[in-house]
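Each remark here refers to the structure printed beneath this line.
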Amino acid sequence: MSIKTRFAPSPTGYLHIGGARTALFSWLYARKHGGRFVLRIEDTDLERSTAESVNAILEGMTWMGLEYDEGPFFQTQRFDRYAEIIQQLLDSGHAYRCYCSKEELEAMREEQMANKQKPRYDGRCLEREAPREGVEPVIRFRNPREGEVVIDDLVRGRVVFKNSELDDLIIARSDGSPTYNLTVVVDDMEMGISYVIRGDDHLNNTPRQMNIMKALGYEPPKYAHVPMILGDDGKRLSKRHGAVSVMQYRDEGFLPEALINYLVRLGWSHGDQEIFSLEEMIELFEVENINNSASAFNTSKLVWLNQHYIKESSPEHIAHHLSFHLGNLGIDPSEGPDILEVIKANQERAKTLVEMAQNIVFFYKEFEAFEEKAAKKNLKADAAPALEALRAGLAECEWSDEAIHALVERTAEELELKMGKVAQPLRVAATGGGISPPIDVTVRLIGRERTIERIGRALEYIEKSAD
RNA sequence: GCUCCCAUCGUCUAGCGGUCUAGGACUCCGCCCUCUCACGGCGGCAACAGGGGUUCGAGUCCCCUUGGGAGUACCA
1 MSIKTRFAPS PTGYLHIGGA RTALFSWLYA RKHGGRFVLR IEDTDLERST AESVNAILEG
61 MTWMGLEYDE GPFFQTQRFD RYAEIIQQLL DSGHAYRCYC SKEELEAMRE EQMANKQKPR
121 YDGRCLEREA PREGVEPVIR FRNPREGEVV IDDLVRGRVV FKNSELDDLI IARSDGSPTY
181 NLTVVVDDME MGISYVIRGD DHLNNTPRQM NIMKALGYEP PKYAHVPMIL GDDGKRLSKR
241 HGAVSVMQYR DEGFLPEALI NYLVRLGWSH GDQEIFSLEE MIELFEVENI NNSASAFNTS
301 KLVWLNQHYI KESSPEHIAH HLSFHLGNLG IDPSEGPDIL EVIKANQERA KTLVEMAQNI
361 VFFYKEFEAF EEKAAKKNLK ADAAPALEAL RAGLAECEWS DEAIHALVER TAEELELKMG
421 KVAQPLRVAA TGGGISPPID VTVRLIGRER TIERIGRALE YIEKSAD
């Protein structure tokens, strides 16, 4: 049988980190085995599902590069089919109508809780002969009363549930719309899903779903329940933890491959290896190596990976993702040096793309003022001779890293100053601050005109400060 | 409450009965490199939750306790 996996989010918010990881695992599994990966939108909850959420999920998938082979399918477009199945279940006696009121159910639950029992529907409507006047019934699946359901989970191992612990769950609301446990089963069967890789929180639903499948005469797929992702504090991931949306990581300057690499290592491992290319992940991914305990999201490790990928990627690739952040800062790369050159000079000194964008503003825009601390330290009267010599030298020297470097060195020698006493004032003069790539590269990229002009500005600053 | 799941450094993890005086990575702290910031190099701190078994031998198997988590909806 061919391998098919799926990612089935409900569109009630953005694509979050936990969902992104199960999507990644499912995607990897399909890719590794030459199978297909299906995207299915579980939007049966009309109240909470939104079109914006659908778009956000699609956008997140695209940004991460998790392309799907089939879908997106929408469950709301399959209501007719679900209705057929529900009727079929009704006809075969596997389902029945329930006329119980909310109050009645609530009372039942309270009583069971009081008796230290697990609250569950007792099946009283099964005995009901006639419909209740004026009540639109829900439809319940008639769960077996005896025996047990065994899940041979690919990551959890053998998990057993007694049927006596389960109850007759609602598969259609009183308005006739189907509910989650029914639609999942129908779709997983009819879409030919062979491996269901999903969050741990669904483990409890699995025996119910397996029972429905059995009633419908189908073999259940293989299941792999992956543990949850916790926040930095070890608590359940929520909005309190800053970024939980995949797109927020883009906004904060992360490369998709860094996020993917981080996510694949969260709850999965291949020995001591930390860095995985997409090809390696696909080749090495094994469901058996998925951890069974929940793991906490650790932003600093993600940052480290991001820095790694910024360092290792081609300038072209960085440029592609950086343009978004440049735009956010109102920078037009055509108004300055070649962006690829600037990126090359900054790849080793940025942890995020946001940081990189901020660091290269001075290549493209005039800075407002010299950064106070750096200026106070480096733009002092004793720096003036060096700056003047540099201004003169830069006006006529060959415009290359080597020549500029030689000029700075020569200036230091002639004035009997340490390199730092020459290079650093020049850096502050040229960039406005005390941080930049090597001074020769920095100056070369800023350009002759601009550098000379800025040195003049620095000399004015020194003069003014002397008063 | 009940059912199910989980438990190695602060965090992510390796470990699938003896090779563990428990390895790697991130973080943090030193040192080196150095025109700034970084990169890089070297070194350091730091863990088998507790208690019972099983076994010649347990981080590794079993049980209990404790502590986390999930579910218990006409949500998914």
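Just so it is clear: in the first sequence, position 109 is 109 by my numbering, and no numbers are missing. Beta carbons are placed, not taken as given, at the ideal position from N, Cα and C, and that holds for glycine.
Contact set for ASN523: own chain, Cβ-Cβ below 6 Å, skip 5 residues either direction: Any property of residue 523 remains undetermined from this structure, which presents the chain solely from 1 to 467.
Test item: CB-CB of ASP43 and PHE74 under 7 Å: yes
For ASP382, three-class secondary structure by DSSP: helix
Counted within 10 angstroms of its Cβ, other Cβ atoms place LYS4 as buried (16 or more) or exposed: buried
Same chain, Cβ closer than 7 Å to ILE439, neighbours up to 5 away in sequence not counted: VAL408, ALA423, LEU426, ARG427
For THR62, the first and last residue of its enclosing beta strand (DSSP E): THR62 -> not in any beta strand (DSSP E); alpha helix (DSSP H) instead, spanning 51-64.
Candidates ARG236, ALA392, ALA357, TYR14: closest to ALA294 by CA position: ARG236
Rounded straight-line distance, which links the Cα of ARG97 to that of HIS308: 59 Å
Helix, strand or coil at LYS118 [DSSP, three-state]: coil
Span separating the alpha-carbon of GLU136 from that of HIS321: 54 Å
Residue range of the alpha helix (DSSP H) that includes LYS301: 299-312
THR76 beta carbon less than 7 Å from that of ILE151: no
Identity of the residues DSSP links to GLU70 by a beta bridge: VAL38
Alpha helix (DSSP H) runs contained entirely in the region 164-229, provided each spans 4 or more residues: 180-190, 206-216
When ASP69, PHE363, MET108, PRO256 are compared against PHE7, the one with the closest alpha-carbon: ASP69
Rounded straight-line distance, which links the Cα of ILE41 to that of ILE17: 17 Å
Opposing strand residues paired with TYR152 [DSSP bridges]: The question names Tyr, but residue 152 is Asp in the sequence shown. According to DSSP, ASP152 bridges with ARG158.
Outcome for GLY65 when other beta-carbon atoms lying within 10 angstroms are tallied against a minimum of 16: exposed
Counted within 10 angstroms of its Cβ, other Cβ atoms place ALA429 as buried (16 or more) or exposed: buried
Selected residue, minimal CA-CA separation from ASP224, among LYS214, ASP201, LEU230: The question names Asp, but residue 224 in the sequence shown is Ala. Checking every option, the nearest Cα to that of ALA224 belongs to ASP201.
Rounded C-alpha distance that separates VAL443 from GLY267: 46 Å
The alpha helix (DSSP H) enclosing VAL264, as first and last residue numbers: 256-265
Status (buried if at least 16 other CB within 10 Å, exposed otherwise) for LEU166: buried
Unbroken alpha helix (DSSP H) run spanning THR411, endpoints: 401-414
Proximity of THR22 and GLY157 at Cβ, strictly below 7 Å: no
Where ALA357 falls: helix, strand or coil (DSSP): helix
The region 376-383 contacting the region 457-467, beta-carbon criterion three pairs below 8 Å: yes
Among ARG120, GLY147, ILE435, the one whose alpha carbon lies nearest that of ARG140: ARG120
THR5: first and last residue of the uninterrupted beta strand (DSSP E) it sits in: 4-7
Euclidean distance between Cα positions of ASP188 and LYS118: 29 Å
Exposure label - GLN209; buried when at least 16 CB within 10 Å: buried
Chain-order list of residues whose beta-carbon lies under 8 Å from that of GLN292 (same chain, five-residue window excluded): According to the sequence shown, residue 292 is Asn rather than Gln. Counting only Cβ-Cβ distances below 8 Å, and skipping sequence neighbours, we find VAL155, ARG156, PRO227.
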